[in-house]
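Remarks on the structure that follows.
In our numbering, the protein residues as written are 1 to 381.
This is the structure:
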């Protein structure tokens, strides 16, 4: 982890921006408001909450308090998905009817949108437990207007009457969702009544202090899915992501770039473009780049090739930087599926949640809360 003591130039002013450990320390000392909002941008490692993210968020909330689920995208759901806020497009329990799911690379917080026809529905269920209070006090729906009018209806429990909601406008829109329940356990259901609305997801918060982690991640995503050079694309991405408050960004992309054979130089250009967009909408946010560890998957470039271009640039730009190779050790054959300490699953890509996932969660937790480990890698596992 690279400690940051410098300042970031933003427009004509200079804003002091620290890495995540500094920002967390300031917040814990009461110098940075009631809530520390963290947005996680990434691929399947982050989109699949069971790999590491759920465990990491629960540990952070256990230490700092829980300020609500943040962004719950209709692509991959919440950071505490599976345990506290249940939603998935792959289950008829939570997603059904005539929905069209976009391809990757949309100007959306989690790189996809969903467009529904009348009768299409989705549901997000909340249940408290393990120290997490799932009650919410504020909610809004984020959607993309196309100039036409649509209508949806929603409710927060099966015993609650439906509430109608007209969706209109052009471009990125947000609308408040009243009628929240005081209960910790709720089941938000939304149905399309008229038209063909295109939706991003929900943003949910409570009145408590603590951390609020928004999951902006998509399975299969590479760096080019989160940065396009097209000006209209960038304007839409910035418009919707700016509606998700963030004090800290954790960006972990590169694994799929490796799988697709993206040249390190092109990867760096994409990350540079993504960082520029983030700085434009959140100039005082802490931006932290995290690089995935190597695995035994066949690829044109080792992850170290991406590290060679990313780390010097991150240092020059005073960004936080961490390399998961430091967590796993230098010899990837030792933690591969067939190694003495298997931490990667049978696809040779994803971590085994209870071993490799725990290593990632522990490493990032220490990085955020204690500032260690910093630069350099420890001995192999």
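We treat Cβ as the ideally placed atom computed from N, Cα and C, and that holds for glycine.
Fair warning: this is a prediction, and the values are worked out from it, not measured in the lab.
Item	Value
Under the rule that 16 or more other beta-carbon atoms within 10 Å means buried, what is residue 286, buried or exposed?	buried
Would you say the segment 84-92 touches the segment 226-235, given that touching needs at least three Cβ pairs under 8 Å?	no
Locate the beta strand (DSSP E) running through residue 200, then write down its first and last residues.	198-205
Starting from residue 115, trace the beta strand (DSSP E) in both directions and tell me its first and last residue.	114-116
Please tell me whether residue 201 and residue 34 are closer than 7 Å, where the distance is taken between their beta carbons.	no
Do you know offhand how far residue 57's Cα is from residue 97's?	32 Å
Using the three-state DSSP reduction, which class does residue 367 fall into: helix, strand or coil?	helix
What residues in its chain sit with their C-beta under 8 Å from that of residue 31, if we drop five residues either side in the sequence?	none
If you draw a straight line from the C-alpha of residue 24 to the C-alpha of residue 363, how long is it?	15 Å
Could you check whether residue 227 and residue 264 sit closer than 7 Å to each other, using their CB atoms as the reference points?	no
Pull up the distance between the alpha-carbon of residue 220 and that of residue 192, whole angstroms please.	28 Å
Going by the CB atoms, is the gap between residue 43 and residue 357 shorter than 7 Å?	no
Closest to residue 52 by C-alpha separation, out of 67, 81, 338 and 258, would be which residue?	81
Could you work out which residue in 66, 71, 109 and 175 is closest to residue 129 when comparing CA atoms only?	66
Rounding to the nearest angstrom, what Cα-Cα distance links residue 350 and residue 161 in this structure?	43 Å
Against chain B, does residue 253 count as a neighbour if the rule is that its beta carbon must be under 7 Å from one of theirs?	In summary, chain B is missing from the structure at hand, where a single protein chain is found.
Counting only runs that start and end within the segment 83-166, where is the beta strand (DSSP E) found for 3 or more residues in a row?	99-101, 114-116, 121-126, 138-146 and 150-155
Once you ignore the five residues that flank residue 335 on each side, which residues in its own chain have a CB closer than 6 Å to its CB?	328, 341, 343 and 381
Which value, in whole angstroms, describes the spacing of the CA atoms of residue 390 and residue 114?	Residue 390 is absent from the model: the chain starts at 1 and stops at 381.
What does the Cβ neighbour count give for residue 346, buried or exposed, with the cut at 16 atoms within 10 Å?	exposed
Assuming residue 367 contacts residue 21 (C-beta within less than 8 Å), just tell me the rounded distance between them.	6 Å
Could you check where the beta strand (DSSP E) with residue 240 kicks off and where it finishes?	Per DSSP, residue 240 belongs to no beta strand (DSSP E); it is in the alpha helix (DSSP H), 231-241.
By Cβ distance below 7 Å, which residues in the same chain neighbour residue 353 in space, the five residues on each side in sequence not counted?	50 and 51
What is the DSSP secondary structure of residue 382, reduced to helix, strand or coil?	The question about residue 382 has no answer here: the residues shown for the chain are numbered 1 through 381.
Mind checking which residues open and close the alpha helix (DSSP H) that includes residue 45?	44-47
Around the C-beta of residue 110, are 16 or more other C-beta atoms found within 10 angstroms, so that it is buried, or is it exposed?	buried
From residue 180 to residue 127, what does the alpha carbon distance come to, in whole angstroms?	15 Å
Within 10 angstroms of its Cβ, does residue 170 collect 16 or more other Cβ (buried), or is it exposed?	exposed
In chain order, what residues of the same chain have a beta carbon less than 8 Å from the beta carbon of residue 299, not counting five sequence neighbours either side?	258, 259 and 261
Smallest Cα separation from residue 204: which of 148, 146 and 133?	133
Between residue 378 and the rest of its own chain, which residues show a CB-CB distance below 8 Å, the 5 nearest in sequence each way excluded?	Bear in mind that a pLDDT of 39 at residue 378, under 50, signals an unreliable position, so the number given afterwards is only what the model happens to contain. Correct list, in chain order: 326 and 329.
Indicate whether residue 197 and residue 229 have their beta-carbon atoms separated by less than 7 Å.	no
Have a look at the DSSP bridge pairing and note the partners of residue 317.	Looking at the DSSP assignment, residue 317 forms no beta bridge with any residue, so it has no partner.
Count the other C-beta atoms from every protein chain shown that fall within 10 angstroms of the C-beta of residue 284, then say buried if there are 16 or more, exposed otherwise.	exposed
Compute the beta-carbon to beta-carbon distance between residue 123 and residue 187, rounded to the nearest angstrom, for a pair I have assumed lies under 8 Å.	6 Å
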